[in-house]
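Numbering (our numbering), first residue to last: 181 to 357. All C-beta atoms, glycine included, are put in the ideal place defined by N, C-alpha and C.
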Ligand code: HEM
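Listed below in structure tokens is the structure:
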């Protein structure tokens, strides 16, 4: 995840920006490809990135949304079989995160439950890491990828004390491609 974040910051803001982010966040920059790092450090880095972008919050969402183009280039096989975001999301447990765990045995990936709703799908998310904002950003990025516009309602959220997060996603065709 840190390598992905580095790619994103460098693509949007240039090489020196990443060094500045590491400095602000007081981080070492020596990351293995994933897992085994404190989520607190990711949160700190994202805070530093948002400060650089002049935004007060929304780091996880920005990171998630911006990650999808990188993931789609690197792992096209997860994306090409599908024409809609809903189809893609329904493969998260059985294909995407399952394969991810084969490639990276240390990966700590979430399990979702799914319920089809009119115009989309509701994702139930349950994870000790409570990264529903990252999940929402990834869903937004996936919708961009499939040229759809997504509305995400979150009637339940672990960050507000609920047992799980419920991400109710409905899709429209995006006005512009
Ligand atoms: C919209 C689609 C996706 C959603 C909503 C999603 C959601 C998430 C979330 C919320 C996490 C954080 C771990 C947790 O909450 O317990 C995570 C971890 C992860 N996801 Fe996904 N994901 C999506 C697509 C993908 C794709 C396409 C890939 C890539 C190939 C991927 C690879 C990973 C990896 C490697 C981790 C583990 C990182 C670590 O160990 O820290 N995900 N995913």
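Distances taken from the Cβ of residue 297 to the heavy atoms of the ligand HEM include none shorter than 7 Å. Assignment of residue 289 by DSSP, reduced to helix, strand and coil, places it in the coil class. For residue 288, the Cβ falls inside the 7 Å cut-off from some heavy atom of the ligand HEM.
The ligand HEM has a heavy atom closer than 7 Å to the beta-carbon of residue 315. Beta-bridge partners of residue 353 (DSSP): 328.
The residue from 265, 260, 237 with its alpha-carbon nearest to that of residue 227 is 237. Taking the Cβ atoms as the reference, residue 272 lies roughly 6 Å from residue 292, within the contact range of under 8 Å. In the DSSP assignment, the residues bridged to residue 333 are 348.
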